[in-house]
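A.B. asks: Throughout, our numbering is defined as the position within the sequence shown, counted from one, plus 1355. The beta carbon of each residue, even a glycine, is placed where N, CA and C say it ideally should be.
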Amino acid sequence: MMVIRPVERDDLSQLMALAGKTGGGLTSLPVDSATLQARIDRSLQTWEDSLPRAEQGYVFVLADSEDNRAVGICAIEVAVGLQDPWYNFRVGTQVHASKELNVYAALPTLSLSNDHTGSSELCTLFLDPDYRDGKNGYLLSKSRFLFMASFRERFHQPGGGRDAWRQR
1356 MMVIRPVERD DLSQLMALAG KTGGGLTSLP VDSATLQARI DRSLQTWEDS LPRAEQGYVF
1416 VLADSEDNRA VGICAIEVAV GLQDPWYNFR VGTQVHASKE LNVYAALPTL SLSNDHTGSS
1476 ELCTLFLDPD YRDGKNGYLL SKSRFLFMAS FRERFHQPGG GRDAWRQR
């Protein structure tokens, strides 16, 4: 049976093994024991509520209950951009129009923004290729939404703050 659980101190070697399977393309899961240990420690401190909101982040693993081996990882950042700048892109449309010249052009635009500063972010999603069957990936991904819905007071969504979670 597959189980989602918070990352544990003893998971470092298993996370290193997972990181080695990413092919280097997942920047939030580097093959670097010091970086991964820091993420584990930060997640444990988040559970203890001993960090300021700006530093909090949850890390979860998908574990095979037969041997408690971590075969997947996912994470949630509680609030992005409160310590370091955090940028996102906004997709828009710029219209050039003139009736006199019979011109109309709608051009897609991409603008640098930091509109989501302070918002929570889903991040780090990786599943061991040997376990990419059944609904394992679905469970790993959706578990973050279930956690956020269960503990709404800990998270903020873009443009809505905590109140955006409330039922209307």
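Report yes if the CB atom of Phe1415 is closer than 9 Å to the CB atom of Arg1499, and no otherwise.
C.D. replies: Against a cut-off of 9 Å, the Cβ pair of Arg1499 and Phe1415 comes out as a contact.
A.B. asks: Are three or more beta carbon pairs between the stretch 1465-1484 and the stretch 1423-1443 nearer than 8 Å?
C.D. replies: The stretch 1465-1484 vs the stretch 1423-1443: in contact.
A.B. asks: Whole beta strand (DSSP E) runs in the stretch 1421-1475 with 3 or more residues, listed along the chain?
C.D. replies: The stretch 1421-1475 contains these whole beta strand (DSSP E) runs: 1424-1432, 1443-1453, 1458-1468.
A.B. asks: Hey, Met1357 and Asn1491 are a contact pair by Cβ (cut 8 Å); roughly how many whole angstroms apart?
C.D. replies: Met1357 to Asn1491, Cβ: 6 Å. Contact.
A.B. asks: May I ask you to report which of helix, strand or coil DSSP gives Leu1494?
C.D. replies: Leu1494 falls in the helix class under three-state DSSP.
A.B. asks: Under three-state DSSP, which class holds Gln1512?
C.D. replies: Residue state, collapsed to three classes: strand.
A.B. asks: Give the DSSP bridge partners of Met1357, in chain order.
C.D. replies: DSSP lists Asp1419 as partners of Met1357.
A.B. asks: Please report the distance separating the alpha-carbon of Arg1487 from that of Ser1383.
C.D. replies: Approximately 20 Å between the Cα atoms of the pair.
A.B. asks: Would you mind sorting Glu1421 into buried or exposed? The rule is 16 or more other CB atoms within 10 Å of its CB.
C.D. replies: The residue in question, Glu1421, is exposed, as its Cβ has fewer than 16 Cβ neighbours within 10 Å.
A.B. asks: Terminal residues of the continuous alpha helix (DSSP H) containing Thr1390?
C.D. replies: Per DSSP, Thr1390 belongs to the alpha helix (DSSP H) from 1388-1402.
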